[in-house]
Amino acid sequence: MAALAALRLGLLRGKLRGRLGAPAFCSGDAAAAAPGGAKLTRAWQAEGIRNVVLSNPRRRNALSLAMLKSLREDLVRDSNSPDLRVIIISGEGPVFSSGHDLKELSHEAGEKHHLEVFETCAELMTLLSKLPVPVIAKVNGLATAAGCQLVASCDIAVASEESTFATPGVNVGLFCSTPAVPMGRSLPRKVALEMLFTGEPITAQEALLHGLVSRVVPAEKLEDETLRIARKICESSRSVLALGKAAFYKQMSQDVEMAYRTTTKVMVDNLALEDGREGIEAFLCKRKPVWFPGRS
């Protein structure tokens, strides 16, 4: 019940902020910037859908420390607001993300800085599964190393046919050990290890076949297909999705018996939610459900 109480508290706080008339989400001016003042991420929100764009194409959208912090800020801001229903992460230009900025990983940067980079990255990647709304990666181009890690860490990934994925760190003497965490949980072991050992890329269709992405479409249909999925998500109860997402990731780390105990309790908690009761009643009455204001 503690998890359910926390969920309800978060949703209530979001509801109160919504009543205060919070402005539409938009970022960029206050986002972390690269040297010279260039914005590293752009974000805006409309109709429940938050778009977050990696916006440093000159550096191939490298996940520098500043980029990681900027991305994290755009993800967590007002994440408990009932107005937020789904997040889409994309990259500006022909590269989704080339991974870490190797200039930050030079010997001169020092071990303390190296540790900060990898700890910040790990925090961001684990945050994605903890957010109360689904996160979709929209990939149009190359996703390598930590960029591939970002795709693997999202809940859903939609890619264009031209997209490719790789973990080429081994080619520069830096094994992609942290990208291996979500990749080893998304791909069959031998496929993940071949990518990690050789650094060779896989195509979008191969990524789909092995489970790294959810869907592959022609580039000209990528935007429409991603929005279609996002809008479908927006039709469901926010509180039910938040409870279900948290339960999914919790049970994935458990053995089957424990997973069933966990999810059995979650099913009962789900029925106790106002939207859980509304959904069942609507089905029995053969009408469309009306999700609880501020919680759906």
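According to numbering that gives the first Met the number 0, the stretch in the sequence shown is residues 0 to 295, in order. Idealized CB from N, CA, C, for every residue including glycine.
- Secondary structure at residue 12, three-state DSSP: helix, strand or coil? Unreliable placement is indicated for residue 12, whose pLDDT of 46 sits below 50; no coordinate value is reported for it.
- Backbone CA spacing between residue 16 and residue 80 [nearest angstrom]: Caution applies to residue 16, whose pLDDT of 41 falls short of 50 and renders its modelled position unreliable; the model cannot decide the point.
- Message: List, from N- to C-terminal side, the beta strand (DSSP E) runs of 3 residues or more that fit wholly inside the stretch 80-132.
- Response: With a minimum length of 3 residues, the unbroken runs of beta strand (DSSP E) contained wholly in the stretch 80-132 fall at 85-90 and 94-96.
- Determine the contact status of residue 78 and residue 155, defining contact as a CB-CB distance below 8 Å. Cβ distance not < 8 Å, so residue 78 and residue 155 don't count as in contact.
- Message: Classify residue 93: buried if its beta carbon has 16 or more other beta carbons within 10 angstroms, exposed otherwise.
- Response: Counting the other Cβ atoms within 10 Å of the Cβ of residue 93 gives fewer than 16, which makes it exposed.
- Quick one: residues in its chain with C-beta nearer than 7 Å to the C-beta of residue 257, no 5 flanking neighbours on either side, listed in chain order? None.
- Query: Taking DSSP as the reference, what is the three-state secondary structure of residue 42?
  - Reply: Three-state result, residue 42: strand.
- Message: For a test of the three-state rule: what should DSSP assign to residue 269, helix, strand or coil?
- Response: DSSP places residue 269 in helix when its eight states are reduced to three.
- For residue 90, which option in 56, 118 and 233 has the closest C-alpha, if you only look at C-alpha atoms? Of the candidates 56, 118 and 233, the one whose C-alpha sits nearest the C-alpha of residue 90 is 56.
- Mind checking whether residue 88 and residue 51 have CB atoms under 8 Å apart? In this structure, residue 51 lies closer than 8 Å to residue 88 by Cβ.
- Secondary structure at residue 291, three-state DSSP: helix, strand or coil? Coil at residue 291, not helix or strand.
- Environment of residue 191 [buried if 16+ CB atoms lie within 10 Å]: By the neighbour-count rule (16 or more Cβ atoms within 10 Å), residue 191 is buried.
- Item | residue 214: first and last residue of the uninterrupted beta strand (DSSP E) it sits in | Start and end: 214-216.
- Task: Consult DSSP for residue 144 and reduce its assignment to one of helix, strand or coil.
- Result: In the structure shown, residue 144 adopts coil according to DSSP, grouped into three states.
- Query: Helix, strand or coil for residue 55 per DSSP?
  - Reply: Residue 55: coil per DSSP, three-state reduction.
- Message: Using only the alpha-carbon positions, how far apart do residue 53 and residue 247 sit?
- Response: Roughly 28 Å separates the two Cα atoms.
- Does DSSP classify residue 231 as helix, strand or coil? In the structure shown, residue 231 adopts helical secondary structure according to DSSP, grouped into three states.
- Message: On a Cα-Cα basis, can you pick out the residue from 25, 39 and 211 that is closest to residue 46?
- Response: When each option's Cα is compared against that of residue 46, the closest is 25.
- Cβ separation of residue 70 and residue 157, assumed to be a contact under 8 Å, to the nearest whole Å: Taking the Cβ atoms as the reference, residue 70 lies roughly 18 Å from residue 157, outside the contact range of under 8 Å.
- Message: Using only CA atoms, which one of 233, 260 and 210 lies nearest to residue 82?
- Response: Looking from the CA of residue 82, the closest CA among 233, 260 and 210 belongs to 233.
- Can you give the beta carbon distance from residue 162 to residue 140, rounded, assuming they're within the 8 Å contact cut? Confirmed, about 6 Å.
- Query: Roughly how many whole angstroms lie between the Cα atoms of residue 296 and residue 189?
  - Reply: Beyond the ends of the chain as shown, which are 0 and 295, falls residue 296; an answer cannot be given.
- Query: With a CB to CB cut of under 7 Å and the five nearest residues on each side skipped, what residues in its chain are close to residue 296?
  - Reply: Because the chain in this structure spans residues 0 to 295, residue 296 falls outside the shown range and cannot be described.
- Query: For residue 101, which option in 75, 63 and 84 has the closest C-alpha, if you only look at C-alpha atoms?
  - Reply: Checking every option, the nearest Cα to that of residue 101 belongs to 63.
- Query: Among the residues of its own chain, which have a CB less than 8 Å from the CB of residue 160, if the five just before and after it don't count?
  - Reply: Excluding positions up to five away in sequence, the list reads 203, 204, 215, 216, 217 and 218.
- Task: Please look up how many angstroms separate the CB atoms of residue 61 and residue 96, rounded, as I've assumed it's under 8 Å.
- Result: Confirmed, Cβ separation roughly 7 Å.
- Sub-8 Å separation of residue 148 and residue 194 beta-carbons: No, they are not a contact pair.
- Per DSSP, what kind of secondary structure is residue 137 in: helix, strand or coil? In the three-state scheme derived from DSSP, where H, G and I count as helix and E and B as strand, residue 137 is classed as strand.
- Check whether the Cβ atoms of residue 127 and residue 134 lie closer than 8 Å to each other. Their beta carbons are under 8 Å apart, which means residue 127 touches residue 134 by this criterion.
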